[in-house]
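Residue numbers (our numbering): 10 to 299. By construction, the Cβ of each residue, glycine as well, lies at the ideal position given by its N, Cα and C atoms.
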Ligand code: SAM
């Protein structure tokens with residue numbers, strides 16, 4: 010079999026299966042063995058269960074399978090299935106599912122493949138759905154222990170920005186609900202084939218919600234208050250939730266937040282206090298998400 014870390018051989022393998030990297034599916038394949046090994050090491054404990062988003066030709070999948078007890082890999086590209094079948098031949102720790110990751114039910118995956126036990130998630134994420142993949146994993150109630158993801162450097166900067174930074178936005182505040190995001194190491198653009206225009210980084214999430222407020226109320230509050238980034242909290246609150254001026258005033262007093270500030274200056278605890286004041290009933294519950 011071809012060496013997946015050699016651009017020439019990887020291209021030859023794809024060609025033999027009648028395919029080439031698809032820009033529309035964010036296909037930039039990892040060709041640096043050292044990086045792939047580092048990701049696998051960080052992504053899962055020996056013998057653990059792991060779900061991979063977008064295995065592509067399978068370089069990371071193979072490394073994960075050396076370490077994990079079971080790897081379930083979800084790939085949307087039908088053309089890639091023949092490649093994966095060949096690369097994973099005889100490897101009974103790997104199961105490939107042909108599906109759109111954004112449409113799968115993670116609780117069903119957990120019970121069908123991992124006996125309902127907790128599992129980790131990893132992926133060199135397709136850049137066009139990075140934020141959606143991150144939120145889907147973090148919001149899931151399927152028992153995800155750890156999420157290790159390759160993202161573009163600009164997304165890593167957004168995920169780890171502090172209130173008041175230019176990179177701090179709705180994604181930062183939404184993800185902060187689930188705890189801190191760690192940047193593990195940078196990954197240069199030359200580690201991929203084809204070479205993308207930007208560098209990347211490996212980030213890791215250990216989902217453990219720590220704010221004392223329901224997830225849906227928190228998420229709605231962040232979205233609503235960031236709707237018009239340049240406007241004050243007061244304007245966003247009234248426009249996003251159809252709240253009258255006198256009610257808005259009460260909400261800000263209750264939450265102890267100055268109504269003339271902008272969302273980009275609020276820390277997660279302040280969003281949580283506002284969520285409790287805006288949605289007192291929903292703020293107390295956390296309904297299940299698949
Ligand atoms: N894991 C491989 C690697 O690191 O070399 C490939 C990573 S490539 C950046 C992203 C992969 O995700 C591609 O194989 C692409 O076809 C797949 N993909 C794109 N959108 C997807 C989706 N919605 N669901 C599942 N896989 C998807």
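Residue i versus residue j - alpha carbon distance
i           : j           : result
residue 196 : residue 208 : 6 Å
residue 253 : residue 284 : 17 Å
residue 181 : residue 10  : 42 Å
residue 261 : residue 286 : 8 Å
residue 175 : residue 22  : 43 Å
residue 151 : residue 28  : 34 Å
residue 264 : residue 230 : 12 Å
residue 278 : residue 228 : 13 Å
residue 112 : residue 145 : 10 Å
residue 162 : residue 189 : 17 Å
residue 38  : residue 206 : 14 Å
residue 186 : residue 12  : 41 Å
residue 251 : residue 184 : 25 Å
residue 282 : residue 273 : 16 Å
residue 88  : residue 96  : 14 Å
residue 136 : residue 255 : 43 Å
residue 235 : residue 221 : 21 Å
residue 257 : residue 59  : 45 Å
residue 170 : residue 291 : 28 Å
residue 80  : residue 225 : 31 Å
residue 9   : residue 280 : There is simply no residue 9 to check, as the chain begins at 10 and stops at 299 in what is shown.
Assigned exposure category for residue i - 16 Cβ within 10 Å defines buried
i           : result
residue 153 : buried
residue 267 : exposed
residue 139 : buried
residue 31  : exposed
residue 108 : exposed
residue 43  : exposed
residue 200 : buried
residue 173 : exposed
Heavy atom of the ligand SAM within 7 Å of residue i beta-carbon
i           : result
residue 195 : no
residue 111 : yes
residue 68  : yes
residue 85  : yes
residue 135 : yes
residue 64  : yes
residue 89  : yes
residue 60  : no
residue 27  : no
residue 6   : Residue 6 lies beyond the range of the chain shown here (10 to 299); nothing can be said about it.
residue 245 : no
residue 39  : yes
residue 35  : yes
residue 138 : yes
CB contact below 8 Å: residue i versus chain D
i           : result
residue 223 : Annotation note: the requested chain D is absent from the structure, which comprises a single protein chain.
Simplified DSSP state of residue i, which is helix, strand or coil
i           : result
residue 211 : strand
residue 95  : helix
residue 72  : helix
residue 175 : coil
residue 10  : coil
residue 156 : strand
residue 132 : strand
residue 82  : strand
residue 60  : strand
residue 38  : strand
residue 266 : coil
residue 202 : strand
**Asked** In the region 100 to 152, which residue ranges form an unbroken alpha helix (DSSP H) of at least 4 residues, counting only runs that do not cross its ends?
**Response** Runs of the alpha helix (DSSP H) inside the region 100 to 152: 115 to 122, 139 to 148.
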